[in-house]
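I have placed the structure first, in the form of structure tokens, so that the comments after it can refer back to it.
In the numbering used here, the protein residues as written are 914 to 1376.
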């Protein structure tokens, strides 16, 4: 504060001295001018005229006036200088106050920030501990889920194989049944055709026999008529047409009755022929409709079998994709951990871990199972369907003394490519006379605990 006051005093003194300097210079200039004029006037004496004197007087008055103006300006500048000195003093005081306040605020902010930094460091340490605990918990949880998914995968693979074999067996039995029905109906249709042809031939033969008998009877009646005409000595007329029935012969009523009987017999045979033809047409239409339905059923079963195969392939693809994704995740995790160079933590995982001497890989819940682990949601039909009793495709089971069916244990496949593709069913249009390829030699018998023998046969080949 003393330094600032001294500085303001020195500034004020400097400004006053500077303002006084022009005033003194102006005064000295005016006095010098006056003295010079007086000296000149004394020297010259009477030589200076009256006009020159007036001019000099006017000039002196103007100079005095300018001197007054300069004095007023000097006073004004002095007042301004004092005001500026006061303002400078106030500004210095304000700057000192502001500086002190800024130092206080800076100290307060630094203390606040230091406290916040300490709190953040504590929170960071707490979060690191919580993160390690959470990571360990998640690792253990994921390892348990991994084991559970592995067991579910094995169960689903076994269930899928069993259901597939059951469906294939069921479809093959149904296809065989439909083929047998088709063959039997075709045989029945051929038999009905032959019966129709035989019936038509028999009807034609009977009609021909009736017509021949009728013609013979007509010839006999005409011969009797001629004999009667000869007996009556009547001229023999030309033999009438066999179709013209004479009403003048003996027992015409019997002949007409016989003719009516023959006509009624012909009508009855015609009606029976029409009825047989209608029945044959209806049966043929029925057999055609049944054959069409069997073909549609066969096509539907083939499509169903195809859908089952596609679903199995989709499940296999999903298994392989899940396996590859888990391998990629495990490899990425290993790369990240090796790049970060983190320490290996102890994990309370139920999975055994045997580290190799050449590998610095951290402990991961998927190390031992990354090559054969999948995770997928089982289909609703597989998860809700009970485990059916079935036989493998093309296997005929002979019951033993205990009359129980022994189911062959399906082998678990480690890869989706080991699923056996079922043979497509034969077409319903297969002719009954077509020869099937000879079956392969039978495989060795499978002995079970209850003395059951299962003989494997080749399923129907594709036509």
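Built from N, CA and C at the ideal position, the CB exists for glycine as well.
Distance, Cα to Cα, residue 1141 vs residue 1124?
-> Their Cα atoms are separated by approximately 25 Å.
Grab me the residues of residue 1094's own chain with a C-beta within less than 7 Å of its C-beta, minus the 5 sequence neighbours each way, in chain order.
-> Closer than 7 Å at Cβ, skipping near neighbours: 1207.
Go ahead and pull the three-state DSSP assignment for residue 964.
-> DSSP places residue 964 in the helix class (H, G or I) of the three-state scheme.
Taking only the alpha-carbon atoms, compute the straight-line gap between residue 985 and residue 971 and give it to the nearest angstrom.
-> Cα to Cα, the separation comes out at about 21 Å.
Can we say the segment 1061 to 1069 touches the segment 1213 to 1227, given the rule of at least three CB pairs closer than 8 Å?
-> With the cut-off at 8 Å, the segment 1061 to 1069 and the segment 1213 to 1227 do not touch.
Check whether the Cβ atoms of residue 1105 and residue 1193 sit closer than 8 Å, and answer yes or no.
-> Yes, they are a contact pair.
Hey, quick one: how far does the alpha helix (DSSP H) through residue 1191 stretch, first residue to last?
-> Unbroken alpha helix (DSSP H) run through residue 1191: 1165 to 1253.
Assuming residue 1197 and residue 1102 form a contact by the criterion Cβ under 8 Å, report the distance between their Cβ atoms to the nearest whole angstrom.
-> Contact between residue 1197 and residue 1102 holds: CB atoms are separated by about 7 Å, below the 8 Å threshold.
Using the Cα positions of residue 1070 and residue 1087, report the straight-line distance between them to the nearest angstrom.
-> Looking at the two C-alpha atoms, the distance is approximately 25 Å.
How would you label residue 1241, buried or exposed, when you count the other beta carbons within 10 angstroms and need 16 or more for buried?
-> Around the beta carbon of residue 1241, fewer than 16 other beta carbons lie within 10 angstroms, which makes this residue exposed.
Just the C-alpha distance for residue 1134 and residue 1200, rounded to the nearest angstrom, thanks.
-> Rounded to whole angstroms, residue 1134 to residue 1200 spans 51 Å at the Cα level.
So what does DSSP say about residue 1145, is it helix, strand or coil?
-> Residue 1145 carries a coil assignment under DSSP once its states are collapsed to helix, strand and coil.
Taking the alpha-carbon positions, what's the residue 864 to residue 1137 distance?
-> This structure cannot settle anything about residue 864, because the visible part of the chain is limited to 914 through 1376.
Taking all protein chains shown into account, decide if residue 1018 is buried (16 or more other Cβ within 10 angstroms of its Cβ) or exposed.
-> Counting Cβ neighbours within 10 Å, residue 1018 comes out exposed, since fewer than 16 surround it.
My understanding is that residue 1091 touches residue 1211, with C-beta atoms under 8 Å, so please give their C-beta distance in whole angstroms.
-> Between residue 1211 and residue 1091 the Cβ distance is about 6 Å, and since that is below 8 Å, they are a contact.
My guess is that residue 1109 and residue 1188 are in contact by the Cβ rule of under 8 Å, so how many angstroms apart are they, rounded?
-> Actually they do not touch by this definition, with Cβ atoms about 12 Å apart.
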